[in-house]
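Numbering (our numbering), first residue to last: 2 to 151.
This report refers to the structure that appears directly beneath it.
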Amino acid sequence: MTHDIVAAEVSLDNVHDAKVLPTLLNPLRRKLGHVYADGAYDRKASHQLISCKGATACIPPSKNAGLWEKGHPRNEAVLVMRKEGLAHWKKISGYHRRSLAETAMYRFKQLMTGKISLRTYNGQVGEVMAYVGAINKLNTLGLPIRKPRV
């Protein structure tokens, strides 16, 4: 596991996260096993795209989510959450792996000091992609090793 950022997209603040998913996944040539995403991506279009890429969607359904068509893989998540709760679903689905992406975003924001300095959209896209390249280069040098607390 490299912890590299393999896809990035800069969108306007009025664009829903799920609308950007095709832009992130379609260019990827690598085989995807799982796609971990937050509840904002719990839409049929997102699940369909992830399935078309040959991957398994690991997206928590909303608290009051209904079942989709019979046999849809998401239904299992809905049923487990209804019976056992969200924490149990996260544990059995491996959803905790999403925290690796959150950690990468933290490193990204630390590197760029939490702000983008350029004012034009195209400039901001270039700046973000330069930071992505820098983080991936830093990853080749090594990442901190977490030691368990005693």
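Beta carbons are placed, not taken as given, at the ideal position from N, Cα and C, and that holds for glycine.
Given the structure is predicted, the values throughout are model-derived calculations rather than measurements.
Quick check on the DSSP output: the beta strand (DSSP E) that includes Y37 runs from which residue to which? Against the sequence shown, residue 37 aligns to sequence position 36. Segment 35 to 37, the beta strand (DSSP E) holding Y37.
Pick helix, strand or coil for A56, following the three-state DSSP scheme. Numbered from 1 along the sequence shown, position 55 holds the residue referred to as residue 56. Residue state, collapsed to three classes: coil.
Report yes if the CB atom of L112 is closer than 8 Å to the CB atom of H4, and no otherwise. Walking along the sequence shown from the start, residue 112 turns up at place 111. Walking along the sequence shown from the start, residue 4 turns up at place 3. No; because the gap between Cβ atoms is not below 8 Å, this pair is not in contact.
Under 8 Å, with one C-beta from each stretch per pair, do the segment 115 to 131 and the segment 49 to 66 reach the 3-pair mark? no
What number of angstroms, rounded off, separates the C-alpha of S94 from the C-alpha of D43? Working through the sequence shown from its first residue, we reach residue 94 at position 93. Working through the sequence shown from its first residue, we reach residue 43 at position 42. Whole-angstrom Cα-Cα distance: 15 Å.
Would you call the segment 75 to 85 and the segment 97 to 104 in contact, with 3 or more CB pairs under 8 Å? The segment 75 to 85 is not in contact with the segment 97 to 104.
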